[in-house]
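Start counting the sequence shown at 1; every next residue gets the next number (the UniProt record's numbering). Beta carbons are placed, not taken as given, at the ideal position from N, Cα and C, and that holds for glycine. Predicted model, so just to flag it, every value in this text is computed and none were measured. Here's the structure we're looking at; comments come further down.
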Amino acid sequence: MINLEDSVKKEQEIEINDDFHRAIDLIVHSSANVFITGKAGTGKSTFLQYCRCEVKKNLVILAPTGVAAVNVQGQTIHSFFNFKPDIIVEAVSSVKIKPDMTKIYKNLQTLIIDEISMVRADLMDCVDTFLRLYGPKEDEVFGGVQIVFIGDLYQLAPVVTPDERHIFQTLYKSPYFFDAHVFNKVEMEIIEFEKNYRQKEAGFLELLNAIRNNDVTEQNMETLNQRYNSTFEPKPDEFYVHLTTTNKLADQINEERLHALNEDLFTYEGKVRGDFTQGSLPTHEVLDLKVGAQVMLVNNDSEKRWVNGSIGEVVDIFKAGFNSVAVQVLLNDGQRVEVEPYTWEIFQFYYNEKKGAIDSRVMGSFKQFPMRLAWAITIHKSQGKTFDRVVVDVGRGAFCHGQIYVALSRCTTFDGIFLKKKIETKDIKMDRCVAEFLTEYQYQISDKKFPQNEKLRIINEAIDKNRALEIVYLKENNQRNRRAILPKSLRSFERDEKKHWGVEAFCLQRQEDWVFRLEYILELQLFEEVKV
């Protein structure tokens, strides 16, 4: 039997909560399709690493981009299915199947797709079509394979080019994976990781949630723009990272800062071997460094001295032995560490005849110092990272869904943020279809698990016995709350010519009377030991 807590703590010190247990139980002990979501900093990446190491199924992990695939030791979606970049559903039946891949598709049990927010609807339909043809069970949804999606739909969205936009809109309601045609035929369990391990300040978390849901008030905007200071220039030892909306601005800042250092320039050429594409490189193939350069480390150290995203300053570059060089970096936590070249590997899944199971093998490698210049990086590249201090520079304004939320949620504290430009309400962009999907889908699941009559029965029992209830309450804007309530009565009311039920109750958190709409209650249960 797997010891879940020990397994996860090998990867990262993190509390193992009920949501984590429920998600892994579904993956390990059922064939249910699962969407694991959660706000920034809730442990989704740690959960994925656990699955990769410990789930004993014929499992494959995929991601939409090369860099993301390298980070999870998986493959890109296109690579695994041998799709061309411009794949369409009609062309799937013509995809050439590599002979050694046939058994992998036939024996596949669980397919995990990370960063699902960036996967387009048309690509999901291609995956479904392919697995119906070549998966374990012909003509079944996704070929009978258990599908696990991981990601936050409130972060960066799928990319649809201007040339594709018109034709895409005629075929799909939105570019998001959930509007793929296959999702008219598939059921999914949604598990939201709720506990935030990145930010601890209640006020900052409340502000981030308002921005995430595009539900900001004037007070929220006033609070946020208290961090505005257009002339702010951090000191070199403060390790601020500029977050920009474009590669051009990030590159410009890094080049200017590097050029301004009155130190010798060292240039290191990385070594690419085998099938390691340019789009998968986690740092520059040709890396320029100077003493004094601010860098971001882009791997997880085996000795746990740093993680992917740690910020530091190059303090020395020296020979570390015969024909080898090391870079000494002062990390922002005060540690001085010696960093040597690191080798990333790119994997391909295959069917291991000896084991009778899906396995992975190395198809290529890239060796380079695991760092990149980091006075500035794009908001896009910052996704998944954690910083103590950031300068957010939106330039002419944010231009896509989730951009401001991603930028601000990288930082561990509110006081660690400076804004080069005031954030306006028009900069906070959120696709309404995301909130609509998440709320409506969860209401549908709740109606199946807890039909109205069952909810009424449980509430009446609590009223009769004077017992408290624990409820999960989801508002129309996808604001999810867990509440402890003491129900007093049920009453019906009419709205939009429909009959609705409301629960009049005393909310133990708010310490006040409240009316909870029955259809917004996703889950409810009597407290086992609490009587009020």
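Sub-8 Å separation of residue i and residue j beta-carbons
| i | j | result |
| --- | --- | --- |
| T231 | G309 | no |
| L297 | P370 | yes |
| V314 | L289 | yes |
| I88 | D122 | yes |
| D393 | K420 | yes |
| V327 | I311 | no |
| L208 | L408 | yes |
| Q146 | T110 | yes |
| V241 | A357 | no |
| I190 | F35 | yes |
| D114 | I61 | yes |
| V434 | P234 | no |
| L474 | Y520 | yes |
| L469 | A462 | yes |
| T412 | R198 | yes |
| F177 | I116 | yes |
| G395 | T244 | yes |
Cross-strand partners of residue i (DSSP beta bridge)
| i | result |
| --- | --- |
| G274 | G364 |
| M101 | Bridge partners of M101: none, in fact. |
| A505 | P487, W514 |
| S492 | W501 |
| Y134 | Per DSSP, none; premise fails for Y134. |
| D152 | DSSP lists no partner for D152. |
| A210 | DSSP lists no partner for A210. |
| M296 | I311, R372 |
| F193 | G38 |
| R120 | Y176 |
| T110 | L59, Q146 |
| Y342 | Q368 |
| V141 | Paired residues: none, contrary to the question. |
| L469 | I485, L526 |
| R480 | L474 |
| Q348 | R361 |
| T46 | The partner list for T46 (beta bridge, DSSP) is empty, contrary to what the question assumes. |
| L205 | Per DSSP, none; premise fails for L205. |
Own chain, CB closer than 7 Å to residue i, minus 5 neighbours either side, in chain order
| i | result |
| --- | --- |
| R491 | G502, E504 |
| R212 | K39, Y154, Y405 |
| V238 | Just to set this straight, residue 238 is Glu in the shown sequence, not Val. Answer for E238: R389, listed in chain order. |
| M1 | Because M1 carries a pLDDT of 36, less than 50, the predicted location of this residue cannot be relied on, and the following value inherits that uncertainty. There are no such residues. |
| V8 | Only weak support exists for where V8 lies, its pLDDT of 43 falling under 50; the coordinates are left without a value. |
| F276 | I346, G364, S365, F366 |
| residue 535 | Because residue 535 is not part of the residues shown, which for the chain are 1 to 532, the question remains open. |
| V216 | A210, T425, I428 |
| F493 | H500, G502 |
| residue 533 | Nothing in the structure corresponds to residue 533, since the chain is present only between 1 and 532. |
| N247 | T378 |
| N3 | The pLDDT assigned to N3 is 46, lower than 50, so where the model puts this residue is not dependable, and the model offers no usable value. |
| E187 | N33 |
| G274 | M363, G364, S365 |
Cβ-based neighbour list, residue i, same chain, cut-off 6 Å, excluding 5 preceding and 5 following
| i | result |
| --- | --- |
| E269 | V286 |
| R120 | P158, P175 |
| V406 | Q155, I379, Q383 |
| E345 | V362, S365 |
| F142 | D128, L131 |
| V472 | R482, L522, E523 |
| E5 | Only weak support is given to the placement of E5: the predicted model assigns it a pLDDT of 45, under 50, and the value that follows is read from those uncertain coordinates. Around E5: I16. |
| E340 | A326 |
| I97 | none |
| residue 534 | The question about residue 534 has no answer, for the chain in this structure spans 1 to 532. |
| V532 | Because the pLDDT at V532 is just 44, under 50, the model does not fix this residue reliably, and the value given afterwards should be weighed accordingly. The residues are A468, L486. |
| Q294 | E313, A374, W375 |
Distance cut-off 7 Å: residue i Cβ against heavy atoms of the ligand ZN
| i | result |
| --- | --- |
| R396 | Ligands displayed in this structure: none; no statement on the ligand ZN is therefore possible. |
Spatial neighbours of residue i in its chain, beta-carbon cut-off 8 Å, leaving aside the 5 residues before and after
| i | result |
| --- | --- |
| V67 | G279, S280, L281, P282 |
| residue 533 | The shown model of the chain, from 1 to 532, leaves out residue 533, and the question about it has no answer. |
| D359 | F349, Y350, Y351, N352 |
| G41 | N196, Y197, R198, Q199, T386, S409 |
Fill in: the segment 159-176 touching the segment 408-416, judged by at least three CB pairs closer than 8 Å
Fewer than three pairs of CB atoms, one per stretch, sit closer than 8 Å, so the segment 159-176 makes no contact with the segment 408-416.
Worksheet item: At what residue ranges does the segment 424-454 contain a whole run of the alpha helix (DSSP H), taking only runs of 4 or more?
Response: Listed in chain order, the complete alpha helix (DSSP H) runs (minimum 4 residues) inside the segment 424-454 are 432-449.
Worksheet entry | 3-residue-minimum beta strand (DSSP E) runs that sit fully inside the segment 213-268, ordered along the chain | Along the length of the segment 213-268, whole beta strand (DSSP E) runs at least 3 residues long occupy 241-244, reported in chain order.
Item to complete: Report yes or no: do the segment 122-132 and the segment 65-84 share at least 3 C-beta pairs separated by less than 8 Å?
Response: Output reads yes: the segment 65-84 touches the segment 122-132.
Practice prompt. Determine contact between the segment 171-185 and the segment 51-67, defined as no fewer than three beta-carbon pairs at a distance below 8 Å.
Written response: No: fewer than three Cβ pairs fall under 8 Å.
Worksheet item: Does the segment 44-51 come close enough to the segment 15-29 to have 3 or more Cβ pairs within less than 8 Å?
Response: The segment 44-51 is in contact with the segment 15-29.
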